[in-house]
Amino acid sequence: MKKTILYTLATVSVLVISGIGYLWLTFASPFGYDPPDNLPAIDEDATYSVFVYGTLTKPWVRWLVTGRAGEGEPARLPDFRKDELDIKPVAGAVTEGEVITVNAEELRALDRYERLGIRYERVKLTLKDGQSAWVYRLMDPLVLELTDEISD
Numbered sequence: 001m002k003k004t005i006l007y008t009l010a011t012v013s014v015l016v017i018s019g020i021g022y023l024w025l026t027f028a029s030p031f032g033y034d035p036p037d038n039l040p041a042i043d044e045d046a047t048y049s050v051f052v053y054g055t056l057t058k059p060w061v062r063w064l065v066t067g068r069a070g071e072g073e074p075a076r077l078p079d080f081r082k083d084e085l086d087i088k089p090v091a092g093a094v095t096e097g098e099v100i101t102v103n104a105e106e107l108r109a110l111d112r113y114e115r116l117g118i119r120y121e122r123v124k125l126t127l128k129d130g131q132s133a134w135v136y137r138l139m140d141p142l143v144l145e146l147t148d149e150i151s152d
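To convert, note that position 143 of the sequence shown is 143 in the numbering used here; the numbers rise steadily by one, no gaps.
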């Protein structure tokens, strides 16, 4: 009986540690991401508006990525339609999401999470209310690769 409890506790401990390690590696780790040299400059003293439409609309994901959940304000991005992990330009469409305000360090954390320059690009777009915000969009080569994998 004692051995069964010890094995169970050991298994649960390994699973918890593995889960925490995975979350850290995915959301916060600098490992596995080497930012390209041509990324837009980030002003240390500025704050940035970022339109989020996927996992980053969840406060717990923002907390894991940036260390702060922050408040998201409902926002709409006109002439784009959400399509899986991306948004596509479609006249008359509207993508629902949120605008979050981040500092330079948090923007770098978002860039790392989105694998800016490798998986996503960060572009400045105008929201329905006229405010401009950074938006992450899948880069074209990856979109083509994902489309090929889905159709196989």
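All residues carry an ideal CB built from backbone N, CA and C; glycine is no exception.
Residue from the options whose Cα sits closest to the Cα of residue i
i	options	result
Leu110	Thr55, Thr11 and Thr4	Thr55
Ile100	Pro59, Pro89 and Gly92	Pro59
Asp37	Arg137, Ile118, Trp134 and Asp140	Ile118
Val102	Tyr7, Val16 and Val135	Val135
Tyr120	Thr11, Gln131 and Tyr33	Tyr33
Gly130	Arg115, Leu116, Asp83 and Ala75	Ala75
Ile20	Thr8, Ala69 and Leu64	Leu64
Asp83	Tyr53, Val16, Leu9 and Arg115	Tyr53
Helix, strand or coil at residue i according to DSSP, with G and I counted as helix
i	result
Leu107	helix
Ile87	strand
Val16	helix
Asp79	strand
Arg112	helix
Arg68	coil
Tyr22	helix
Ala41	coil
Tyr33	coil
Lys3	helix
Arg62	helix
Leu127	coil
Same chain, Cβ closer than 6 Å to residue i, neighbours up to 5 away in sequence not counted
i	result
Ala104	Ile42 and Glu44
Leu144	Note on Leu144: pLDDT 45, under 50, position unreliable in the model; the coordinate value appears next. Excluding residues within five positions, none has a Cβ falling inside 6 Å.
Thr66	Glu106 and Ala109
Other residues of its chain near residue i: CB distance less than 7 Å, five sequence neighbours each side excluded
i	result
Thr57	Gly72, Gly97 and Glu98
Thr147	For Thr147, the predicted structure reports a pLDDT of 44, less than 50, and the residue's modelled location is therefore unreliable. A value from the coordinates is still provided. Correct list: empty, nothing qualifies.
Arg81	Ile87, Lys88, Val90, Ala93 and Thr95
Beta-bridge partners of residue i, as assigned by DSSP
i	result
Glu98	Val52 and Pro74
Thr47	Asn103
Arg122	Tyr136
Residue-level contact to chain B via CB, residue i, 8 Å cutoff
i	result
Pro36	Given the protein chain composition of this structure (a single chain), no chain B is represented.
Contact belief for residue i with residue j at Cβ below 8 Å, rounded distance in angstroms
i	j	result
Leu125	Leu77	6 Å
Phe51	Leu138	Not confirmed; about 15 Å, so no contact.
Pro40	Arg122	7 Å
Ser49	Ala133	4 Å
Close Cβ partners of residue i (< 8 Å) along its chain, the five nearest in sequence each way excluded
i	result
Thr47	Thr101, Val102 and Asn103
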